[in-house]
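So the protein lines, in turn, are chains A and B.
Start counting at 1 in the first sequence, then tack on 559, and there's your number in this note's numbering.
Start counting at 1 in the second sequence, then tack on 559, and there's your number in this note's numbering.
Shown next, in structure tokens, is the structure this report addresses.
There are 2 protein chains.
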Amino acid sequence: MTMMPRTAEYAVRAAVLLARHYGERRVSADEIATVLGAPRNYLSKTLNALVRSGVLTSMRGPTGGFSLAKTPELISVADVIDVFADAEPAAARCVLEDRPCDSLFPCAAHRRWVTITRIAREPLVATTIGELCGNHRWTNAHIIGPSL
Amino acid sequence: MTMMPRTAEYAVRAAVLLARHYGERRVSADEIATVLGAPRNYLSKTLNALVRSGVLTSMRGPTGGFSLAKTPELISVADVIDVFADAEPAAARCVLEDRPCDSLFPCAAHRRWVTITRIAREPLVATTIGELCGNHRWTNAHIIGPSL
DNA sequence: CGGATTCATCATACGGACATGATGAAATCG
DNA sequence: CGATTTCATCATGTCCGTATGATGAATCCG
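In structure tokens:
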């Protein structure tokens with residue numbers, strides 16, 4: 560049992576990898592699978608889901624592969640994870656009783672629970688794939704510049 | 560796929576329920592299952608795991624049942640969840656490559672990733688079952704007192 | 001003691017996450 | 001066009017989270 564489903568983790572790591580090559584070239588599922596140490600065909604399905612949800616774009620044939628659909632700074636970690644893991648299924652259910660807690664008049668426990676889950680989710684929403692990547696050449700190149 | 564395993568959610572809800580009866584009476588697995596709408600025997604296994612990990616205490620026979628091992632203010636939500644869901648398995652793996660990231664000299668992406676997961680976990684550590692419960696009679700009774 | 005109640009545990013089963021291998025479809029290039 | 005490369009998809013299988021039902025063990029009470 561884990562708090563971070565493996566598929567979602569594959570997705571984030573693949574996105575970070577693609578961010579490092581954004582605007583440069585496409586990366587094939589084969590290469591991504593090798594670098595990530597993930598099963599090739601399974602990852603292919605995962606990447607395909609990201610394409611269908613608009614996070615990635617793909618092209619076939621030689622010179623084909625995957626790339627981020629937009630600049631890494633505009634893709635949050637939550638954008639990637641949400642494709643595979645429901646954001647907050649627990650929030651819909653009352654913490655105390657066996658009923659869907661009324662969202663208009665939730666019980667006290669429910670309010671606190673929703674607050675906690677929202678706060679826990681916040682860093683995933685606030686952080687972008689670009690930040691996670693750490694390679695800021697496409698935004699901060701002028702800052703880092705020749706000093707490295 | 561969900562970010563909050565059902566078993567862990569059962570555990571939290573059961574703990575909150577037990578907090579409402581803390582110092583009052585034990586609650587049977589049967590009653591907890593009914594209130595939570597959870598399968599009885601499966602919940603029994605879940606509660607038993609909480610007993611073995613020291614979060615709950617149990618007694619058999621009539622007048623038996625489950626109760627929190629200590630006051631609800633001293634039990635964090637993370638204490639309950641950690642019994643079932645690994646806290647941070649993702650943190651051990653490098654975000655970029657297929658290798659365990661060196662904890663002494665982690666890559667930049669890894670550092671950011673660890674930070675994110677830690678921040679996401681923080682509210683679970685900071686919040687106690689007592690706070691979630693909302694019934695503060697055993698600590699704040701003198702504050703709330705007759706004013707309600 | 002003996003019956004009733006309740007936790008503890010085992011055997012079994014089902015569905016979905018995870019994975020593997022094979023096949024089909026699109027794009028590039030000679 | 002035909003061959004190669006790569007994504008897209010299907011069929012199949014394994015493992016674990018989840019769940020069900022039955023049985024054993026401990027505790028209370030008459």
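Glycine included, every Cβ here is placed at the ideal spot set by N, Cα and C.
Every value quoted in this text rests on a predicted model; they were computed, and no experiment measured them.
Margin query: Would V519 of chain B and L691 of chain B qualify as a contact pair, given that the criterion is a beta-carbon distance under 8 angstroms?
Written below: Any question about residue 519 of chain B goes unanswered here, given that chain B covers just 560 to 707.
Notebook entry, point to check: Mapping DSSP to helix, strand and coil, what is G613 of chain A?
Noted result: Locating residue 613 of chain A in the first sequence gives position 54, counting from the first residue. Residue state, collapsed to three classes: coil.
Item checked: Contact list for P665 of chain A against chain B, beta-carbon separation under 9 angstroms -> Taking the first sequence and counting its residues from 1, one reaches residue 665 of chain A at position 106. Among the residues of chain B, none has a CB under 9 angstroms from the CB of P665 of chain A; the nearest is roughly 11 angstroms distant.
Check: Would you report the Cα separation of H605 of chain A and Y569 of chain A, rounded to the nearest angstrom?
Finding: As a first step, residue 605 of chain A is located in the first sequence; it is residue number 46 there, counting from the start. As a first step, residue 569 of chain A is located in the first sequence; it is residue number 10 there, counting from the start. Per the sequence shown, the amino acid found at residue 605 of chain A is Thr instead of His. Each residue's alpha carbon lies about 8 angstroms from the other.
Notebook entry, point to check: Going along the region 571-585 of chain A in order, which residues come within less than 9 angstroms of chain B, judged by CB to CB distance?
Noted result: Only those residues of the region 571-585 of chain A whose C-beta falls short of 9 angstroms from the nearest C-beta of chain B are listed: V571, R572, V575, L576 and R579.
Next item on the list: Measure how close the beta-carbons of L627 of chain B and A574 of chain B come, nearest whole angstrom, since I'm counting them as under 8 angstroms.
Entry: Stepping through the second sequence from its first residue, residue 627 of chain B is reached at position 68. Stepping through the second sequence from its first residue, residue 574 of chain B is reached at position 15. Cβ-Cβ separation between L627 of chain B and A574 of chain B: approximately 7 angstroms, consistent with a contact (criterion under 8 angstroms).
Notebook entry, point to check: Going by the CB atoms, is the gap between V642 of chain B and E617 of chain B shorter than 8 angstroms?
Noted result: As a working mapping, residue 617 of chain B is identified with position 58 in the second sequence. As a working mapping, residue 642 of chain B is identified with position 83 in the second sequence. Note that residue 617 of chain B is Ser in the sequence shown here, rather than Glu. Not closer than 8 angstroms, so no.
Note to self: Check for me: the alpha helix (DSSP H) holding G693 of chain B runs from which residue to which?
What the structure shows: For the purposes of this step, residue 693 of chain B is taken as the residue at position 134 of the second sequence. Run containing G693 of chain B: none; DSSP gives neither H nor E here.
Checklist line | Extent of the continuous alpha helix (DSSP H) run through L627 of chain B | finding: The count along the second sequence starts at 1 and reaches residue 627 of chain B at position 68. It is not in any alpha helix (DSSP H) - L627 of chain B instead sits in the beta strand (DSSP E) that spans G624 to L627.
Margin query: Quick check on DSSP: helix, strand or coil for D641 of chain B?
Written below: Within the second sequence, the letter at position 82 stands for residue 641 of chain B. Secondary structure of D641 of chain B (DSSP, three-state): coil.
Next item on the list: Starting from the Cα of I640 of chain B, find the closest Cα among B:R584, B:E590 and B:V684 and give me that residue.
Entry: Counting from 1 along the second sequence, the entry for residue 640 of chain B is found at position 81. Looking at B:R584, B:E590 and B:V684, the one whose alpha-carbon comes closest to that of I640 of chain B is B:V684.
Notebook entry, point to check: With 8 angstroms set as the bound, which would you pick, yes or no: does the beta-carbon of L609 of chain B sit closer than that to a beta-carbon of chain A?
Noted result: For the purposes of this step, residue 609 of chain B is taken as residue 50 along the second sequence, with counting starting at 1. It does not; no Cβ of chain A falls within 8 angstroms.
Notebook entry, point to check: Going along chain A in order, which residues have a C-beta closer than 9 angstroms to the C-beta of P564 of chain B?
Noted result: In the second sequence, counting from the first residue as 1, residue 564 of chain B sits at position 5. Those within 9 angstroms of P564 of chain B in chain A are M560, T561 and M562.
Notebook entry, point to check: In whole angstroms, what separates the C-alpha of N600 of chain A from that of T674 of chain A?
Noted result: By 1-based counting over the first sequence, the position of residue 600 of chain A is 41. By 1-based counting over the first sequence, the position of residue 674 of chain A is 115. The C-alpha of T674 of chain A is placed about 38 angstroms away from the C-alpha of N600 of chain A.
Item checked: Proximity of M562 of chain A and D638 of chain B at Cβ, strictly below 8 angstroms -> The count along the first sequence starts at 1 and reaches residue 562 of chain A at position 3. The count along the second sequence starts at 1 and reaches residue 638 of chain B at position 79. Taking 8 angstroms as the cut-off, the Cβ atoms of M562 of chain A and D638 of chain B do not count as close.
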